[in-house]
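Novice: Heads up, the sequence shown is in our numbering, so the first residue is 2 and it goes up one at a time. Yeah, the Cβ is synthetic: ideal placement off N, Cα and C, and Gly gets one too.
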Amino acid sequence: MDLLPLLQATGTLVALFLLSKIWMSKNTTTNKHANKTFTQAPQPKGAWPILGHLHLLGGQIPLFRTLAAMADQHGPIFTIRLGFRQAVVVSSKQTVTECFTVNDRAFMSRPQTAALKYMGYNGAFSALGPSDDYWLQLRKVTTRDLLSNRHLESFKHVRALEMDLSIKELYSLSIKNECKVKVSEWFRQVTMNLVLRAIVGKRYSFGDCESDKEARQFARTMEEFAYLSGVPECSDVIPGIEWLDLQGNVKAMTRNGKEMDKFMSMWLEEHVQSRREGKVKKDERDFMDVLLSCFPEDGDGMVFGHKSQDIIKATALSLIIGGSDTVTAALSWAVSLLLNNPTTLKAAQQEIDMYVGHGNVRWLDESDTKNLVYLQAIIKETLRLYPPGPLSIPRESIQDCHVSGYYVPKGTRLIVNVWKLHRDPHIWTNPDEFRPERFLAWQAKGDLIKQQFELLPFGAGRRSCPGSTLAYKIMDLILARLLQGFDLETLSRNGKVDMSEGLGIVLPKATPLEVLLTPRLSSAFYDQP
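Structure, rendered in structure tokens:
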């Protein structure tokens, strides 16, 4: 009996090998015929049967760097084979512009993945799903009812209250730990609270009580969700092997999906109960309350094949994941860059002091940040050097098209190497240097149409991130309040912060950021409500 799984696996691998030979033979024949009129983008050498180039894309080197090295060798557009699938990788302004203007409709869909199936409520997680009527409906709900400027403005007071509490907690933490603070962990906590308060009306203090243990468990589950979403899964590109679970990812995704659903179901039930008891006021509704107004609250209704309750949970989850991890990573990189460039750090604090006054005058609020042009430039320069998503979430072509003269057949996956684009010397002078001043001149040009394909921290085109406006608001507010309230110093003996990059779909620092914080204001100022 023990031989049965082995025989099944062997039979599957033999069948896949034969299928790959047939696929490659058919593809070669098609290309020979197509080359009379069409030419596909160059392909790196070293592809294996069945695996394609997958064996070249693993290891401890970040994938965006591996693909950037391939671009240096093969140009700003090239093709790689991912198992039985083909992907085109682009990294220049010209190729990116073509993909998101002329070919935006062709590349508007996304491929089906195991992550979407097991962690995304079987496809209800529309951010990772294909482009269909369901995605279009959810996109309208998200942009019109959840992330519109009017709705974001209505939650301005919630963000202000959260920042007041978070700064007070940071001050207490710095005193308790003799000024040493893991600021990357604080970023994660304050960002998660800002997002949770807006979406599900929750707030955690991350202490030792029972509710805070719940918060830490949710944070761990969310971190694993983000990691598993970006892990290359063989069954996504090699059909018929999901049952083998060769990497153990399917088991991990299934477990994570169940753990995450416990939280989402708990919060949804709390909201349903509050609505039934008439406790929800119209001007106090959070995002989940709005979603309950958009879909039947009994949870039995079906919309495009998905249960209403799954749609609500999946949509809320996508906003939580997208709004917290990306902002946390960006802020950690921003402070790291400022610590390595103390002149820029001082200039940012001087701008804040000039606008709101130095000393015990008042805390700046969200409406002030629009006037902090240098701080905004720091954020943009950080996103240029360390984009939260160094590689775009893959798209999939729904029709044949051409990019830079190369033929791209239907079903091809599109990967934009955002990290490589952001360091293109044809666009950016001294691209590897941290120079926020470049964005002061960049904004002065005013040519936003051309500029939108030079800086893509939140994507572009029809599948761009709908929450980018909220992300900028949160980043500006958190960084401004931190710099107003504290002086920062690195703990490194050589005075430099380690800028090593970690692995993941969101670009993390390899090591947590710990700094010395010295309050810039009187102690009484931090205790204000």
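Could you check what DSSP says for Q350 in three-state terms: helix, strand or coil?
Specialist: Here Q350 sits in helix by DSSP.
Novice: Per DSSP, F110 forms a beta bridge with which residues?
Specialist: The sequence given here places Ser at residue 110; Phe does not occur at that position. According to DSSP, S110 bridges with E397.
Novice: Starting from N532, follow its DSSP beta bridges and name the residues at the other end.
Specialist: This structure gives no information on residue 532, because the portion of the chain shown stretches from 2 to 530.
Novice: Tell me the DSSP secondary structure of G53 in three-state form.
Specialist: Strand at G53.
Novice: Excluding the 5 residues flanking S501 on each side, which residues of the same chain have their C-beta closer than 6 Å to its C-beta?
Specialist: For S501, where only same-chain residues beyond five positions count, the Cβ hits under 6 Å are A511.
Novice: Is the separation between the beta-carbon of F1 and that of R464 shorter than 7 Å?
Specialist: The chain is shown only over 2 to 530; residue 1 falls outside these bounds and no answer can be derived.
Novice: Give me, in chain order, the residues of the same chain whose beta-carbon lies closer than 8 Å to that of K37; leave out the 5 immediate sequence neighbours on both sides.
Specialist: With a pLDDT of only 45 at K37, under 50, the local geometry of the prediction cannot be trusted, and no value is derived from it.
Novice: Can you check the region 457-505 for any alpha helix (DSSP H) of at least 4 residues that lies completely inside it and give the ranges in chain order?
Specialist: Those alpha helix (DSSP H) runs which fall completely within the region 457-505 and span 4+ residues are 469-486.
Novice: Spell out the partners DSSP gives Q87 in its beta bridges.
Specialist: DSSP lists R82 as partners of Q87.
Novice: If we ignore side chains and look at the alpha-carbon of each, how far apart do S524 and L484 end up?
Specialist: Each residue's alpha carbon lies about 16 Å from the other.
Novice: How would you write the range of the beta strand (DSSP E) that L129 sits in, first residue to last?
Specialist: Segment: none, L129 is in no beta strand (DSSP E) and carries neither H nor E.
Novice: Could you name the residues that DSSP lists as bridge partners for E515?
Specialist: Bridge partners of E515: K183.
Novice: Can you tell me where the beta strand (DSSP E) holding Y408 begins and where it ends?
Specialist: Residues Y407 to V409.
Novice: If the criterion is Cβ atoms closer than 7 Å, does the pair P43 and H75 meet it?
Specialist: Cβ distance < 7 Å, so P43 and H75 count as in contact.
Novice: Who are the Cβ neighbours of F108 in its own chain at under 6 Å, not counting the five residues just before and after it?
Specialist: So the qualifying residues of the chain are C100, R396, S398 and L415.
Novice: For I23 and A88, what's the separation of their Cα atoms in angstroms?
Specialist: For I23, the pLDDT reaches just 46, beneath the cut-off of 50, and the residue's location in the model is therefore unreliable, although a value from the coordinates is still provided. Cα to Cα, the separation comes out at about 19 Å.
Novice: The beta strand (DSSP E) spanning C402 covers which residue range?
Specialist: Unbroken beta strand (DSSP E) run through C402: C402 to V404.
Novice: Which whole-angstrom value describes the C-beta separation of F188 and T327, a residue pair presumed to lie in contact below a C-beta threshold of 8 Å?
Specialist: Contact doesn't hold; Cβ gap of about 11 Å is too wide.
Novice: Report the CB separation of D146 from V291 in whole angstroms; it is logged as a contact under 8 Å.
Specialist: The pair is a contact, with the Cβ atoms about 5 Å apart (cut-off 8 Å).
Novice: What does the alpha-carbon distance come out to for the pair T143 and S127?
Specialist: Going from the Cα of T143 to the Cα of S127 covers about 11 Å.
Novice: Could you compute how far the alpha carbon of Q138 sits from the alpha carbon of L129?
Specialist: Distance between the alpha carbons of Q138 and L129: 14 Å.
Novice: Do the region 408-426 and the region 61-79 touch if we need at least three Cβ pairs shorter than 8 Å?
Specialist: In short, these stretches touch, since the Cβ pair count reaches three.
Novice: In whole angstroms, what is the alpha-carbon distance linking S294 and A253?
Specialist: Looking at the two C-alpha atoms, the distance is approximately 33 Å.
Novice: Relative to the alpha-carbon of V150, which residue among K474, D354 and N341 has its alpha-carbon at the smallest distance?
Specialist: The amino acid occupying residue 150 in the given sequence is Asn; Val does not appear at that position. Of K474, D354 and N341, the residue nearest in Cα terms is K474.
Novice: Look up M120 in the DSSP assignment and say whether it is helix, strand or coil.
Specialist: Three-state result, M120: coil.
Novice: Just verifying my parser: in three-state terms, what is the DSSP assignment at H359?
Specialist: Coil, per DSSP.
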